[in-house]
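Report on one structure; see the data block that follows.
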Amino acid sequence: MRAKASDMHRKDCVKVAVRVRPFNKRERDAGSRCIISLVSTSITIQDPRDCHNRRSFCFDYAYWSHSGFTRDHSGLFVPEEPGGRYADQHSVFQDLGVGILENALQGYNTTLLAYGQTGSGKSYSMVGHGPNKGLVPKLCERLFEAIRGNQENRQCQVFFSMLEIYNEQVVDLLSRGSRTAGGLRVREELQRGFYVEGLRKIPCENALQVEQLMEQGTRTRTTAATHMNANSSRSHMLIILQLKQIFSKESITKQSNINLVDLAGSERQRSSGSEADRLKEGTAINLSLTTLGNVISALADVAVGKKAVHIPYRDSVLTKLLQSALGGNSRTVMIATLSPADICYEESLSTLRYAERAKRIQNKAVVNESPTERLVKELKAENTRLMQKLSRMDQEGRRASDESKELRQLLTQNELQIRAIQTLWEQHLQEALKDWEQQYASITQERRMMQMYPYILNINEDAQLSGVVKLFIQEGEWGIGLCDSSTRSIPIKGLGIQERHAVFRNEQRRVTLTPLTGSKVIVNGNTVYETTELQHLDRLILGSNCTYLFIGYPSERGGDDWSRYDYDYFQSELAAAEGIHLGESSTGSDQTDPSLLAVFYDYIKLMPLVAEANQMSQELNKGVEFKLEIKNLALSDSRGHDLQKDIVVRVTSAGSKQVWMWSKAKFVNRKFLMEEVYQQFKAEQLEDKRVEDLPAVVLPRDKDPFWDPVEPLLLGTAHLWLQSLAFRIPLEEQLEVLGSEGTEEAILQAELLPCTSTGLPLGEDDILIDPSEALGRRLDFQLVLDQCCGVRWIREARNRGIQIGFRVFDCSEPLYTPAVWHNINPLLDHRVQFTSIHTSQRLLDYLQSSAVVLELWGLQEGCTQMNSSLEAVRMTSEGDFIIDESDPSEAALSFSAELSCSVKALQQDLEDQKSLNESLRRENHSLREQLNTAKNGGDIARGRSLRPSCDAEFARALKVFYHSMTSVRAQLQRLRRHRPSEESDLLGLRLFVDEQNRLLRDFSEQLEESVSALKQDVAAIVRRKRERSGIWS
5 MRAKASDMHR KDCVKVAVRV RPFNKRERDA GSRCIISLVS TSITIQDPRD CHNRRSFCFD
65 YAYWSHSGFT RDHSGLFVPE EPGGRYADQH SVFQDLGVGI LENALQGYNT TLLAYGQTGS
125 GKSYSMVGHG PNKGLVPKLC ERLFEAIRGN QENRQCQVFF SMLEIYNEQV VDLLSRGSRT
185 AGGLRVREEL QRGFYVEGLR KIPCENALQV EQLMEQGTRT RTTAATHMNA NSSRSHMLII
245 LQLKQIFSKE SITKQSNINL VDLAGSERQR SSGSEADRLK EGTAINLSLT TLGNVISALA
305 DVAVGKKAVH IPYRDSVLTK LLQSALGGNS RTVMIATLSP ADICYEESLS TLRYAERAKR
365 IQNKAVVNES PTERLVKELK AENTRLMQKL SRMDQEGRRA SDESKELRQL LTQNELQIRA
425 IQTLWEQHLQ EALKDWEQQY ASITQERRMM QMYPYILNIN EDAQLSGVVK LFIQEGEWGI
485 GLCDSSTRSI PIKGLGIQER HAVFRNEQRR VTLTPLTGSK VIVNGNTVYE TTELQHLDRL
545 ILGSNCTYLF IGYPSERGGD DWSRYDYDYF QSELAAAEGI HLGESSTGSD QTDPSLLAVF
605 YDYIKLMPLV AEANQMSQEL NKGVEFKLEI KNLALSDSRG HDLQKDIVVR VTSAGSKQVW
665 MWSKAKFVNR KFLMEEVYQQ FKAEQLEDKR VEDLPAVVLP RDKDPFWDPV EPLLLGTAHL
725 WLQSLAFRIP LEEQLEVLGS EGTEEAILQA ELLPCTSTGL PLGEDDILID PSEALGRRLD
785 FQLVLDQCCG VRWIREARNR GIQIGFRVFD CSEPLYTPAV WHNINPLLDH RVQFTSIHTS
845 QRLLDYLQSS AVVLELWGLQ EGCTQMNSSL EAVRMTSEGD FIIDESDPSE AALSFSAELS
905 CSVKALQQDL EDQKSLNESL RRENHSLREQ LNTAKNGGDI ARGRSLRPSC DAEFARALKV
965 FYHSMTSVRA QLQRLRRHRP SEESDLLGLR LFVDEQNRLL RDFSEQLEES VSALKQDVAA
1025 IVRRKRERSG IWS
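So the sequence shown is residues 5 to 1037, counted in the numbering used here.
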């Protein structure tokens, strides 16, 4: 399963490990299947859409943590059986962490990179959860154990730093001061390489201090993410442990940096090709990860012998800081984490390819000697030289000379400099001790207050950042909001938070929350406007997306499991309030519909982003509203099968009424660009104290993330079923055009008319009883689009227009009606004739099982109308569109195969016919004699023509029935459209019920009449047949 741990220390190639995690709740609910298999250090991934498409990769280490584990009494996840394949946290550390630690103690720089999509287990492998400690805390524990075990022959100094890179800005997570505008600067020196100027380095003497610093950094990261409106899954976190080992006897110092890097989520947005954004997608938010991939690819090329390869280290902040880790002076390990679920196939495959490139990188690690210790040695050597020179001068009797005075001054200065360098560590420790005391007092105070008062607990999308901030609600009245000048205020920051946002009241051990005017407060998924009493474990959302869990008094808490109230739980409540429920299925069963589950999770993931985008639009005075929609929720294809569902964002400009539909990928990219504009706006606000009257942010249109050129929008579809054409029966329908989410967008009047080649309608005698009679014959029909009624798109804004688009059978390009503008009930009067020269079985199957999907497209001022592309379409001399064209070679092969089968069948029939021929001749002779002697020869002649006339009677009866059913269908459409007004009172509802009953009576009467007439016609035909059964029974 794994390579030997000792192997990783011999070479300076980047060592790569992959780890496969268990299914999460989302994947279990979706019924996901595992598409990853692992044998030794080889891992194979299978394409869920093609079982024969498999890709295999080989790495230095491969860990199976997907299954085969159990939880022991202490909460540790361990293998179900001794020696099982499950890789727990301990085994991962033994392979990776021990090697990193040994290299660091030898004086090498070491780096551990965690890479993978968000939610793939990076944080669990790096930090861990509960008793299942990850690589970072275990590494720190072992490091200080090693230091304590070797105190006799060396002095060790450990400095801890923690930083975050978000949007190409570096944030010191341990800084005591306010955040620097634009972040800390990354500088370069010849000796040090790239480094962060002003990054705080804190000395540590034990693992507990490191753990407390990590908690402090995590708290800062949580607060910064809220203030900056940042997405933690798009930020990189770096922990830097600087280890300095001073060997007194040998007079040498070894110094190494241990870089522990949790990279941003590597998931890529799916793109269908039509989702390209006019604005650059590689914004600063994605730049670091993109550049890291370019650096790894370039270094991989160098490793295989390519020359003159440019390594783009300087293209991003992250790659500057990781230059030594990748191709430089470091021994580096990458752990790539994977989801084994089929719904994560693309992201997992991308991660494996990334990791495969990384393992080719070769570093040039050397043992590091501290420049500071070298200076001490140089100063001591200089002092020894000066002492020798003074001694010679004394022996020569040249005392009190100017030269000897200068030498003694130099000696004194050197000694002072040596003492200053050697006492630097003690000074750092003394300064840090004050911080430890303050932090310990703060932690003690927080724990004491947790046992006394209720509080609200922050919930973050990143589980590592949840539960970090606790805001206590003591007795009395407490305002919460941006304002922190009042002594009885709880200051919070975030998008959509007002100066005074809401008021908590804690009286008689009851806590209430009162929203203030203009503020947004949501409790348990529902917006509240009045005073609400809070219960233990209530969920609060303040502003756009500041999420908190209310924790009641200690007496209320009991043994509840708070972990279930994660970030997804909050968003699921919001979705449920909007009518989007997890677990709904079309069959009405309790089982979750897997096809909708991925869409549901996308929906709740984008909900907070949409809320934030709306808030930014409001504060920037952009007048743009964003709304989530589920694409194709109620739509189907030409055979009636459900279309693949996806999330889109409807963008509406309040002023111009312009509408855009953005894909998920496009919206996420624009959201990051909006954040950049918003941050710039906030910076200008801080400089300009006249906050209230700042004008709207004006950007050039080509750089404005809130704007796009207008395009035609798909409003909805209607299905015109083609079955009647197979029988050459005309069809006239009133079709309901349904929007993506099932809303009625318009009523479309359409016809299907079988016709001659010249366009004349066929008569009743041309109706076919059996569609197979049309095989090989010419088929002409017209699609007529008469009128569109009640177009909601135009009713909302009269400066809009519509077009209808459609495809028939094998038409490669859609056809469109001319654009019609400014009319709610536009007259289309569009007629298109289609021709099949030789009707195939494939076309007949299509007609009997499919529909023409009529697409209603909305046009806006400034957008270009859609035109039919006729380049690849064949047409008759009369201008009709030719369908059902087969490739000549394919047709010839098909005809040849059919002919061969027919010949064999005919040969067999020929033999049978020969044997029957003689008996038929004898019987024929007998029948002639009977006919010659028959008395009623005329009646016999009439009997011969009886059957054909009977078939014609059946055809006429069916045709009459079909025409009568057309009116029945029209009545059914009226019933479907008949709905009560949303503003109807009780009297209005009674009138609606009476009208509905009348329509139902009419419908049932028409249906009964049609069926009764058909029964009577069929009974009469059968009766006449039986009366003559003596002639042809």
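All residues carry an ideal CB built from backbone N, CA and C; glycine is no exception. These figures come from a predicted structure and were not determined experimentally.
Could you give the DSSP three-state label for residue i: helix, strand or coil?
i: residue 396; result: helix
i: residue 779; result: coil
i: residue 815; result: coil
i: residue 765; result: strand
i: residue 756; result: strand
i: residue 131; result: coil
i: residue 673; result: helix
i: residue 292; result: helix
i: residue 246; result: strand
i: residue 351; result: helix
i: residue 324; result: helix
i: residue 996; result: helix
i: residue 749; result: strand
i: residue 178; result: coil
i: residue 870; result: coil
For residue i, which residues from the same chain have a beta carbon less than 7 Å from its beta carbon, with the 5 sequence-adjacent residues on both sides left out?
i: residue 82; result: 73, 74, 76, 92
i: residue 732; result: 758, 766, 770, 771, 772
i: residue 142; result: 97, 101
i: residue 738; result: 751, 753, 974, 977
i: residue 545; result: 526, 551, 574
Residue i: which of the options sits nearest, CA to CA?
i: residue 154; options: 134, 109, 179; result: 109
i: residue 172; options: 621, 124, 293; result: 293
i: residue 266; options: 115, 478, 518; result: 115
i: residue 866; options: 712, 1010, 457; result: 712
i: residue 22; options: 80, 311, 316, 355; result: 355
i: residue 804; options: 824, 449, 818; result: 824
i: residue 1068; options: 568, 608, 495, 71; result: No statement about residue 1068 is possible, as the shown extent of the chain runs from 5 to 1037 and does not include it.
i: residue 819; options: 743, 554, 871; result: 871
i: residue 745; options: 639, 48, 70, 656; result: 639
i: residue 565; options: 540, 444, 519; result: 540
i: residue 716; options: 768, 724, 461, 663; result: 663
i: residue 512; options: 480, 504, 843; result: 480
i: residue 869; options: 718, 71, 119; result: 718
i: residue 332; options: 344, 346, 307; result: 307
For residue i, I'd like the list of residues in its chain whose CB is within less than 6 Å of its CB, leaving aside the five on either flank, ordered along the chain.
i: residue 839; result: 784, 880, 884, 886
i: residue 621; result: 628
i: residue 878; result: 886
i: residue 145; result: 211
i: residue 642; result: 854, 855, 857
i: residue 588; result: Its pLDDT being 47, under 50, residue 588 is placed unreliably by the model, and nothing is read from it.
i: residue 111; result: 258, 260, 371, 372
What whole-angstrom Cβ distance do residue i and residue j have, given they're in contact under 8 Å?
i: residue 860; j: residue 806; result: 6 Å
i: residue 227; j: residue 473; result: 7 Å
i: residue 826; j: residue 796; result: 15 Å between Cβ atoms; not a contact.
i: residue 1125; j: residue 353; result: Residue numbering for the chain in the displayed model covers 5 to 1037; residue 1125 lies beyond these limits and cannot be assessed.
i: residue 1014; j: residue 969; result: 6 Å
For residue i, count neighbouring Cβ atoms within 10 angstroms of its own Cβ and tell me buried if that reaches 16, exposed if not.
i: residue 489; result: exposed
i: residue 978; result: exposed
i: residue 447; result: exposed
i: residue 465; result: buried
i: residue 3; result: Coverage of the chain is limited to positions 5 through 1037, which leaves residue 3 absent and any answer about it impossible.
i: residue 776; result: exposed
i: residue 741; result: buried
Using only the heavy atoms of the ligand ATP, determine whether one of them is closer than 7 Å to the beta carbon of residue i.
i: residue 77; result: As far as ligands go, the structure on display features none, and thus does not contain the ligand ATP.
Suppose the cutoff is 8 Å on Cβ atoms and the five residues either side in sequence are ignored; what does the same chain contact list for residue i look like?
i: residue 167; result: 174, 175, 176, 177, 188, 200, 203, 241, 242, 244
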